[in-house]
Every structure is written in structure tokens, then in C-alpha cells.
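All remarks here apply to the structure that follows.
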Amino acid sequence: MDKVKSLSEFLDCTSSFPKTYFYRGESIDYGDSACVATGIRDSSNYDMYSTRINLFDRTIRENGLFDKPDLIIPFAQHSGLATKLLDVSSNSLVALYFACQPTNETLDGHVYIFDDYADATDILEKYPRFDLENELLKHLDMIGLQQPKFIHENLSDQEESDHIKEYTSVEHEELKAFGMCIEQYRNKYLRGGHSKHSVGRGISQENSPFLNKSSKLRIQLTEIKDWIINCCSNNEDMQRNLMPTECTKNTPAIDFIHPFKEKRYKYYNDQYKGFDVEVKEYLISLECLIAFINNKSPVKNLAVMAPLEGLTMDFLPNLLYRPILTFKRGLSQQSAFFVQSLFDKHEVNLNDGGQMTNLYEKIPRKLLKSQANFGQKIIIDGNSKDRILSELDKIGVNKATMFGDADNIADYLMNSNHN
Numbered sequence: 004m005d006k007v008k009s010l011s012e013f014l015d016c017t018s019s020f021p022k023t024y025f026y027r028g029e030s031i032d033y034g035d036s037a038c039v040a041t042g043i044r045d046s047s048n049y050d051m052y053s054t055r056i057n058l059f060d061r062t063i064r065e066n067g068l069f070d071k072p073d074l075i076i077p078f079a080q081h082s083g084l085a086t087k088l089l090d091v092s093s094n095s096l097v098a099l100y101f102a103c104q105p106t107n108e109t110l111d112g113h114v115y116i117f118d119d120y121a122d123a124t125d126i127l128e129k130y131p132r133f134d135l136e137n138e139l140l141k142h143l144d145m146i147g148l149q150q151p152k153f154i155h156e157n158l159s160d161q162e163e164s165d166h167i168k169e170y171t172s173v174e175h176e177e178l179k180a181f182g183m184c185i186e187q188y189r190n191k192y193l194r195g196g197h198s199k200h201s202v203g204r205g206i207s208q209e210n211s212p213f214l215n216k217s218s219k220l221r222i223q224l225t226e227i228k229d230w231i232i233n234c235c236s237n238n239e240d241m242q243r244n245l246m247p248t249e250c251t252k253n254t255p256a257i258d259f260i261h262p263f264k265e266k267r268y269k270y271y272n273d274q275y276k277g278f279d280v281e282v283k284e285y286l287i288s289l290e291c292l293i294a295f296i297n298n299k300s301p302v303k304n305l306a307v308m309a310p311l312e313g314l315t316m317d318f319l320p321n322l323l324y325r326p327i328l329t330f331k332r333g334l335s336q337q338s339a340f341f342v343q344s345l346f347d348k349h350e351v352n353l354n355d356g357g358q359m360t361n362l363y364e365k366i367p368r369k370l371l372k373s374q375a376n377f378g379q380k381i382i383i384d385g386n387s388k389d390r391i392l393s394e395l396d397k398i399g400v401n402k403a404t405m406f407g408d409a410d411n412i413a414d415y416l417m418n419s420n421h422n
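Per the numbering used here, the sequence shown starts with residue 4, numbered consecutively.
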């Protein structure tokens, strides 16, 4: 696609898009950080996230600046705090305005178009600080406290072996809500469509966005499984202690990585009952990945050695959050958000004071970031930004209307020609 050099060219590009699309404008090409929320772009913002949100919340309330606690994170985002929300807009002209900033640069701007997302608004309205990584870690802690139940009673110690144990589910409303969000996302792409009157769970369209993301997650787990097998290949003790019993090359990767290993089926069907089998597999696969990254899987500390090169979180859909906003800036920009998460594989120092090779002294930290999946991108010619901003101003899209506060209105009036 040629670069857009005028408002009319931009409208020609976007006029056929349906109202269900969302847009984001970025003034330059940020590469791997494009379409990534500021709160997860680097370790500093990620590590300080909860502290900053809590301080912002308290200070804002103490000063009587905002009285909607359920919207404190969207308000913080529009106030300039680094959050895990990525700004998007239902209005393509808002995105175009931001793609043309700042005016003193001639680098090309970018407008990203999003046509694929899972609506997570219900989750965020009920749990305003929902974070997928935190919920999965909490869930692993909850199931870690589960004591296995024995299928038969009055058995001898010898008979009470692993093959007669079963594990049950735990109550976790936040994760259940996330599962419902994923189920609704899957239902968008069923053959023949979906309605409340549909019989059964339906069949996913071939190459649907949900199946593509499920496939990417499954591939990640399979690569981890192959790595575990390779690590254990020449060590019988490791094979016996770390690998599923009677495993073959066709044994699912989940049976290698999930904390319950091959005994996970009772738990799996109970924990996610009511969901389609594809959604069940997706959710338990997320459990597996976060368990492996955080040394909570059956292979435990062996996981710290895993290279995880090239691992990205493209297996997550864009999670749309579209609250009813009450503050001016959010209303002016017709704002919505994508809620993003990050999986943190912590740095591990294996040096216990003894002699160790440099290769294994320190395993570096890896931040596995979400990046919003966009369907299309429109490039805005950097040399035409001033012209486009002038054209936008004539139809009422400018600094004063985009931000709506007294400071920005005054700045607009001081720096504009009002003839």
C-alpha cells in the first residue's frame, strides 16, 4: 500500500471498514514495542506497576480528583501513568491524529487496524484489576494446595500409588470469567455461526483466529516437551522422576508440564466443565506454560535452563475492554483499550558458592510480552503530517478536542491561527 499523504486518501482507505473495527495511531515505527502497553514495555515499568497504581489511586482520591474507583486504571492510563492498557479508538480519525504526532518529525506514522479481539469488558467491570499472569499464578498456588483424593478406600501403603490418585478442581471465579471470554471468542468463528439456540458446541471454522492461537500455544508446549525429552534422554533417574509414566512420542505435552501430569484429567474436566473441549485445552495449556516458566511444573528447576528463544505471546487474543467512560479525555477520543499481560521468566543465579561454568551461573530474565495483533496497517507519510493535521483541524479534530482539558485547550489556542 502506498503511503497516505492526505485526509481524503486516509478516508478512502478506511471508508469500507465496519463499525466493529478499532484503531491505534503511533507516530513512528516502534518495532517490537509497537502496539504494546507502556506498563509492560520494560522491566522497570512492569516491576513498578502495582505500586504506582496504588499510589495513584490513593493520591487521586485524597485530592478529590476522581470518584470512580472501578475506572481508576483507565483514568490513570489517560493521565499518563504506565499501565497494562493499550489505547485504541473506535474512531479512525483519532488514530490518524496520533499517528501524525509530533509535528517536528518527518518519520512515517502508522495506523493499526484491529478486526479480531475477544471482548473482556465483563471481566474488567467485575474485576477492575484483572491480570492474566497474576490469576494463572494464583490458580497454580491454589491447585498446589490440593491434596489428591484416592479413588478407593482402605488400601495399603503399597496400593496407594500414583496411579490411583485423582485431583479435583478449585473455585476461581476470575479464571472462570476469562474462560467464558475465550468461549465467546471461539463462538465468533463457528461454522454456520452461533446463537443461544445452537445445538452442541459447534465446529470451529478452519483456520479461525481462535484455532490459530490455540495452535501457536500447542506448538510452544510441544517444543517444551521435546526439550524435556532431550534433557532426560541419557539419564534414567530423570526419565523416571520427570517424565509421565509409560509415555510415548504421542503423549500430550500437557502430561509433561502440568503440575498433575497425566493425572490431570479428572481435574481438567471438573475445573473447566461447561466449556467446549477446545477451550478446555486452551485454558489448561495456559496453566502449563505459566507453570513451566515459574518452576511450578513437574520438571521444576530444570525449567530454568530452557532457552525459550523466540517465545512470544501471540497465542493470546486481543482482550478488548470498553468501559463506559465518564472523564473528558476518554469520551473525546472515543476510547477503548486492549488489556495486555506479560509472562515473566525470572532471572536465576545458580551460583551457590561453588565452582560453576559461566554458562550456568546466571540464567537471564525474559519478559514475554503481549503485542496487539493487528489485521492491517496504514502508513502515514512523515512529510505530510502537518498537512493532515491541518485538514483534521478544519473538521474539529485537534489538540483541544482530543484532550478537552483547560491546559490543552489553552495551548491549542496559543499555537493556532484563528483567522
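By construction, the Cβ of each residue, glycine as well, lies at the ideal position given by its N, Cα and C atoms.
In this structure, the CA atom of Cys38 is about 8 Å from the CA atom of Arg27. By a beta-carbon distance limit of 8 Å, Leu323 does not contact Asp35. Their separation comes to about 22 Å. Exposed is the label assigned to Ala409, since fewer than 16 other Cβ atoms lie within 10 Å of its Cβ.
Beta-bridge partners assigned by DSSP to Leu322: Ala121.
By the criterion of at least three beta-carbon pairs nearer than 8 Å, the stretch 338-346 is in contact with the stretch 75-93. Remark: three or more beta-carbon pairs, one from each stretch, lie closer than 8 Å, so the stretch 168-188 and the stretch 270-278 are flagged as touching. For Val97, the secondary structure class from DSSP, reduced to helix, strand or coil, is helix. Taking a C-beta distance under 9 Å as the contact criterion, Glu169 and Tyr270 qualify as a contact pair.
DSSP, read as helix, strand or coil, puts Asp384 in coil.
Approximately 7 Å separates the beta-carbon atoms of Ile391 and Ile383; this is inside 8 Å, confirming the contact.
Between the alpha carbons of Thr23 and Gly67 lies a gap of roughly 36 Å. At a Cβ-Cβ threshold of 9 Å, Arg189 and Ser207 count as neighbours.
Rounded to the nearest whole angstrom, the C-alpha separation of Asp5 and Phe117 is 20 Å. From the listed residues Ser95, Leu371, Thr54, the smallest Cα separation to Lys380 is found for Ser95. Of the residues assessed, Leu416 falls on the exposed side of the cut-off, its CB having fewer than 16 other CB atoms within 10 angstroms. Counting only residues of its own chain and dropping the five nearest sequence neighbours on each side, Ala294 has a CB closer than 8 Å to the CB of Leu143, Ile260, His261, Pro262, Ser300. Apart from sequence neighbours up to five positions away, the residues of its chain that approach Lys264 with a beta-carbon distance below 8 Å are Pro247, Asp258, Pro301, ordered along the chain. Inter-segment contact for the stretch 52-72 and the stretch 97-108 is absent: fewer than three beta-carbon pairs are separated by less than 8 Å. Tyr100 and Thr41 have their C-alpha atoms roughly 19 Å apart. Going by C-alpha positions, Cys291 is about 21 Å away from Pro212. Looking at the DSSP output, Arg27 sits in a beta bridge with Tyr115. Boundaries of the beta strand (DSSP E) harbouring Ala339: 338-342, taken from the DSSP string. Of the residues Lys372, Gly385, Ser335, the one whose Cα lies closest to the Cα of Lys402 is Ser335. Per DSSP, Phe133 is not a residue of any beta strand (DSSP E), being assigned neither H nor E. Under the three-state reduction of DSSP, Ile327 is assigned to coil, being neither helix nor strand. A residue is called buried once 16 or more other Cβ atoms fall within 10 Å of its Cβ, and Ser236, having fewer, is exposed. Relative to Arg221, the option among Thr329, Met145, Lys191, Thr315 whose CA is nearest is Thr315. In the same chain as Leu84, and ignoring 5 residues on each side of it, the C-beta atoms closer than 7 Å to its own belong to Arg55, Phe59, in chain order. Sequence-distant partners of Gly378 (beyond 5 residues in either direction) whose C-beta falls short of 7 Å from its own C-beta, in its chain, are Ile116, Phe117, Asp118, Asp119. When DSSP reads this structure, Phe346 sits in a beta bridge with Leu371. Proximity to Met183 across Lys388, Phe330, Glu281 peaks at Glu281, based on C-alpha coordinates.
For Asp240, no beta strand (DSSP E) run applies; the uninterrupted alpha helix (DSSP H) run containing it begins and ends at 239-245, by DSSP.
For Glu312, the secondary structure class from DSSP, reduced to helix, strand or coil, is coil. By the criterion of a C-beta distance shorter than 7 Å, Ser172 is surrounded in its chain by Tyr270, Asp273, Gln274, once the five residues flanking it on both sides are discounted. Here Tyr268 is exposed: its Cβ has fewer than 16 other Cβ atoms, across all protein chains shown, within 10 Å. Excluding sequence positions up to five before and after Arg194, its CB lies within less than 6 Å of the CB of Ile206, Gln208, all in the same chain and listed in chain order.
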